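Chemist: Take a look at this one; I'll ask things after.
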Amino acid sequence: MRLRKIRDLIESSQLQPYLQQAGPVTLFAPTDEAFSLSSVPSDPKRVRDFVLQHVVQGRVTPLDVRNDVILPSLRPRAAPSGSTCTRMGR
Numbered sequence: 001m002r003l004r005k006i007r008d009l010i011e012s013s014q015l016q017p018y019l020q021q022a023g024p025v026t027l028f029a030p031t032d033e034a035f036s037l038s039s040v041p042s043d044p045k046r047v048r049d050f051v052l053q054h055v056v057q058g059r060v061t062p063l064d065v066r067n068d069v070i071l072p073s074l075r076p077r078a079a080p081s082g083s084t085c086t087r088m089g090r
């Protein structure tokens, strides 16, 4: 499993300091293979929102995740898609 694409997006959007200050956080990172199935925005603001869509506050373990759990992401609420939650399932 490779996670280079999400790492590159975090670096290009300069989110490392923010994520370190916000911590602890959990990143639900798509694999590089998953990125090949979707389009990644090129606009820096949208890249930042895209990355934050995959980050939740706190430390989340596999035992914490059930089909009925909705975790609020760190993506700003004013984001265009309106979705600020990451739904998790097994």
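Counting in UniProt numbering, the sequence shown runs from 1 upward without gaps.
Each residue gets a CB set at the ideal place from its N, CA and C atoms; glycine is no exception.
Here the structure is a predicted model, which is why all the values come from computation and not from measurement.
Excluding sequence positions up to five away, which residues of its chain have a Cβ less than 8 angstroms from the Cβ of P30?
Modeler: These residues qualify, in order along the chain: K5, I6, S38 and H54.
Chemist: Span of the alpha helix (DSSP H) holding Q16?
Modeler: Note, Q16: alpha helix (DSSP H), Q16 to A22.
Chemist: Do V60 and F50 have their C-beta atoms closer together than 9 angstroms?
Modeler: No. Outside cutoff.
Chemist: Could you have a look at P76 and say whether DSSP puts it in helix, strand or coil?
Modeler: P76 falls in the coil class under three-state DSSP.
Chemist: In angstroms with no decimal places, state the Cα-to-Cα distance between Y44 and V65.
Modeler: A quick correction: the sequence has Pro, not Tyr, at residue 44. Looking at the two C-alpha atoms, the distance is approximately 30 angstroms.
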